[in-house]
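Student: In our numbering, the protein residues as written are 3 to 822.
Dropping a structure here in structure tokens format, bear with me for questions.
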């Protein structure tokens, strides 16, 4: 105990916990240091410290009712109330309390009133307030307190995968809505936040509850669910990767070739159910009649994944599927609800029961933060002026005028601009194995991009040309390529080039680069595209991702609707993947399962051109659509006009322009008092990993830093020396210099070793000079040449007197390298 009184821990143990238990809360209902963000959260630069509530009280596991913040005995009882209110609101708990151990302040989130000198609520009082405020009947109350599925486990330690606080809230909101009799419901959750896992847990509760009721009423049938989406991968992945673990026998994929009525959980595409289309999964070539095989009252719940597409339009032929099962409760799930033209997610499903945004996911540490590399070419900055009489590659005369970004690859193809984009991608991605997706204008633009990238790396292309691959409907091998690209255990394809196939619903866990090489016309489409990169993948050290933007699409981050409800949009023109205007007067959803069946909206259609006209001024329109064969102009010099680096700012939730080197310098100066402190941290493997995590959390990539400092063409320099040079302007020695200095300054220590041990350390110094410190610290280094040539791991350890001494020698060698 300090001279100023008990600290918070003492206050909790001596005063808070006894007060909680005195009114009836028991140990299983009390969770101390409850995390209100990701368990493995690495705070990003500028973020707050890791958020934990001092206590969370749950009526049953997963049903929080009160949040308590405790302060020192000498503090004011209400000092922690604001923090408690914030956490309680996130968890949907009705009570927030703050205490100094002696006095209590209570805030009731239902009536909005704060009470000083409050009495502590009992479990029954808190539960009654919660159920009354949510309108929960007896059935809903039983559903809420029932257990979640524990079938999903961590691959690393086999621990049960628990629901995150927002996933649990989403499930509870749907259960409450069902108890109120709602038949159409909507969940809006950012890409990467686990909508499928949330849906599975919802179904688990409803399915198991029905099974329990059947024990007393044999007449009740099983709870039946239809999971509906518009792409094969959007039903196959949830079925195989999520639902089958919990429902191994009860979940199936249905089609006209696999028609069943006995299971309980059904997965199907609109195409398979739609009587007006041919089922692509059987070879009969006949129209489907699958919908008529299931009576209107067959299902209890229909889950519509990516509900902003497919059946979003009222006149859509696929809407008839939902109308057929109108008696079932219907739950729409999406990250990007739409309200444009005749497509209105809210009109059909209603206002969202719960929303969890990209900004909140990043702040909580569940989603990867982004950086933006915004590159503008001179032809995009000022436009490309075409004079009268100029002909294209096919000898056709080009309409005169100024062509700008919206025209390139839609009206005028510029292979030299695509080549310039490819050079930037190659420079950024470099020699890494990091995955990237490039979004191009159409299939021809994508093919040109693939060719440019392959030609920039012939040494890789000779080994396997599919290191970069076009993945879209036009490719016969798209399914195989997509499966391989989304497998984090594979390294090829590394770069996928597409138009729209990968923009929605495709889970690419280890994706580090989202490259935007085409105009994006709507906020929902932009959110879907960047959502490909928001998943964290710690297994490969992925805690952030980068958006490479060639068309200023990231300006969409500033749209007021980006992290809120979409604004009302006017009816706008749409284009197909080849850039041609589409007549949408009466267009049914007939897209295949490979591409988005809803053509992607583009705010500005290809402008008309005529002699003397301009894409900026309009000119005198001669035609209402782009030419059937697009013009192509080669031999244009395309140069970078500007390149900016932007980071996600937590306070505003918007991108903030920074200098990459200034950003890095500021982080280092804030974290370390001087070069000696940084070197000391870098010299030991454990503390070095903390520095590496700090860099990763601030989205600082050592490979990119090398490029930014102009050091990529020189002798190898250690990351720590780059940081020291940047922060304190000290000359950066090469790794070879550090290795020689370590050997010279510690010659006596080397000579005190036996000959075999001395040679091993000299080999390690040579490996460090060539490849870096990871070669010295890696336990596997003894298993590969040149060390493996000197014997087994046990034999090498014996040269130093045993494993403990061998480990100590390697640790000491690292200290020698960074001693000055």
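We put the beta carbon where it would ideally sit given N, CA and C, even for glycine.
All of these numbers come straight from a predicted model, not from anything done at the bench.
Among 141, 113, 83, which one has its Cα closest to the Cα of residue 131?
Tutor: Closest by alpha carbon: 113.
Student: Please report how far the alpha carbon of residue 424 lies from the alpha carbon of residue 451, in whole angstroms.
Tutor: So the alpha carbons of these two residues sit roughly 7 Å apart.
Student: Quick check on residue 474: does DSSP put it in helix, strand or coil?
Tutor: Note: residue 474 maps to coil in three-state DSSP.
Student: Report, in whole angstroms, the separation of the C-beta atoms of residue 188 and residue 352, which I expect to be a contact under 8 Å.
Tutor: That pair is a contact at about 6 Å.
Student: What do you reckon, are the CB atoms on residue 30 and residue 73 nearer than 9 Å?
Tutor: No; because the gap between Cβ atoms is not below 9 Å, this pair is not in contact.
Student: I'd like to know if the segment 170–187 and the segment 134–150 are in contact, where contact means that at least 3 CB-CB pairs between them fall below 8 Å.
Tutor: Taking 8 Å as the limit for Cβ pairs, the verdict is that the segment 134–150 does touch the segment 170–187.
Student: Cβ atoms of residue 327 and residue 301: under 9 Å apart, would you say?
Tutor: In this structure, residue 327 lies closer than 9 Å to residue 301 by Cβ.
Student: Would you tell me roughly how many angstroms separate the C-alpha atoms of residue 516 and residue 445, rounded to the nearest one?
Tutor: Their backbone Cα atoms lie some 18 Å apart in a straight line.
Student: Alpha carbon to alpha carbon, what distance is there between residue 53 and residue 35?
Tutor: Each residue's Cα considered, the two are about 9 Å apart.
Student: For residue 308 and residue 536, what's the separation of their Cα atoms in angstroms?
Tutor: Those two C-alpha atoms are separated by around 17 Å.
Student: DSSP three-state label for residue 545, please.
Tutor: Note: residue 545 maps to coil in three-state DSSP.
Student: Should residue 462 be flagged as near chain D, meaning a C-beta pair shorter than 9 Å?
Tutor: Although the question refers to chain D, the structure presented lacks it and comprises just one protein chain.
Student: Mark residue 465 as exposed unless 16 or more other C-beta atoms lie within 10 angstroms of its C-beta, in which case mark it buried.
Tutor: By the 10 Å Cβ count, residue 465 comes out exposed.
Student: Along the chain, where does the beta strand (DSSP E) that runs through residue 649 open and close?
Tutor: Note, residue 649: beta strand (DSSP E), 642–650.
Student: Are the segment 216–223 and the segment 235–247 touching by the rule of at least three beta carbon pairs closer than 8 Å?
Tutor: With a cut-off of 8 Å, the segment 235–247 and the segment 216–223 do not count as touching, because too few Cβ pairs lie within range.
Student: Residue 685 and residue 511 look like a contact to me (Cβ under 8 Å); what is the Cβ gap, rounded to whole Å?
Tutor: Residue 685 to residue 511, Cβ: 33 Å. No contact.
Student: Give me the Cα-Cα distance between residue 202 and residue 245, rounded to the nearest whole angstrom.
Tutor: Rounded to the nearest angstrom, the two C-alpha atoms are 6 Å apart.
Student: Please identify the residue among 741, 350, 798, 166 whose C-alpha is closest to the C-alpha of residue 340.
Tutor: When each option's Cα is compared against that of residue 340, the closest is 350.
Student: Is the beta carbon of residue 355 closer than 9 Å to that of residue 65?
Tutor: No; because the gap between Cβ atoms is not below 9 Å, this pair is not in contact.
Student: Looking at the unbroken alpha helix (DSSP H) that takes in residue 813, where does it start and where does it end?
Tutor: That run of the alpha helix (DSSP H) goes 805–819.
Student: Would you kindly report the start and end of the unbroken beta strand (DSSP E) that includes residue 379?
Tutor: Start and end: 372–379.
Student: Counting C-beta neighbours from all protein chains within 10 Å, is the total for residue 524 16 or more, i.e. buried, or is it exposed?
Tutor: Buried, by the Cβ-count rule.
Student: Do three or more CB pairs link the segment 205–214 to the segment 143–161 at distances below 8 Å?
Tutor: A contact exists between the segment 205–214 and the segment 143–161.
Student: What does the alpha-carbon distance come out to for the pair residue 95 and residue 68?
Tutor: About 5 Å.
Student: Identify, in the order they occur along the chain, each residue of the same chain with its Cβ nearer than 7 Å to the Cβ of residue 125, setting aside the five sequence neighbours on each side.
Tutor: Closer than 7 Å at the Cβ level, and outside the excluded window around residue 125, lie 26, 27, 31, 61.
Student: If you follow the alpha helix (DSSP H) that residue 211 is in, where does it begin and where does it stop?
Tutor: Per DSSP, residue 211 belongs to the alpha helix (DSSP H) from 197–216.
Student: To the nearest angstrom, how far is it from the Cα of residue 463 to the Cα of residue 457?
Tutor: Approximately 8 Å between the Cα atoms of the pair.
Student: Are the segment 758–777 and the segment 801–815 in contact at 8 Å, needing three or more beta carbon pairs?
Tutor: Segments in contact, yes.
Student: Residue 257 and residue 299: beta carbons closer than 9 Å?
Tutor: No.
Student: Using a threshold of 8 Å, is the CB atom of residue 142 nearer than that to any non-hydrogen atom of the ligand SAM?
Tutor: Absence of the ligand SAM from the depicted structure is noted, as is the absence of any ligand whatsoever, leaving it without description.
Student: Anyone know if the C-beta pair for residue 360 and residue 437 falls short of 9 Å?
Tutor: No. Outside cutoff.
Student: In chain order, which beta strand (DSSP E) runs of at least 3 residues are fully inside the segment 107–157?
Tutor: Listed in chain order, the complete beta strand (DSSP E) runs (minimum 3 residues) inside the segment 107–157 are 115–118.
Student: At what residues does the alpha helix (DSSP H) containing residue 257 begin and finish?
Tutor: Unbroken run through residue 257: none, as it is neither H nor E.
Student: Judging by CA-CA distance, which residue of 411, 780, 191, 222 is the nearest neighbour of residue 530?
Tutor: Nearest of 411, 780, 191, 222 to residue 530, Cα basis: 191.
Student: Alpha carbon to alpha carbon, what distance is there between residue 407 and residue 853?
Tutor: Within the shown structure, residues of the chain are numbered from 3 to 822, placing residue 853 beyond reach of any answer.
Student: Determine, using beta-carbon pairs with one atom in the segment 661–677 and one in the segment 378–398, whether at least three such pairs fall under 8 Å.
Tutor: Contact between the segment 661–677 and the segment 378–398 is absent, because fewer than three Cβ pairs lie under 8 Å.
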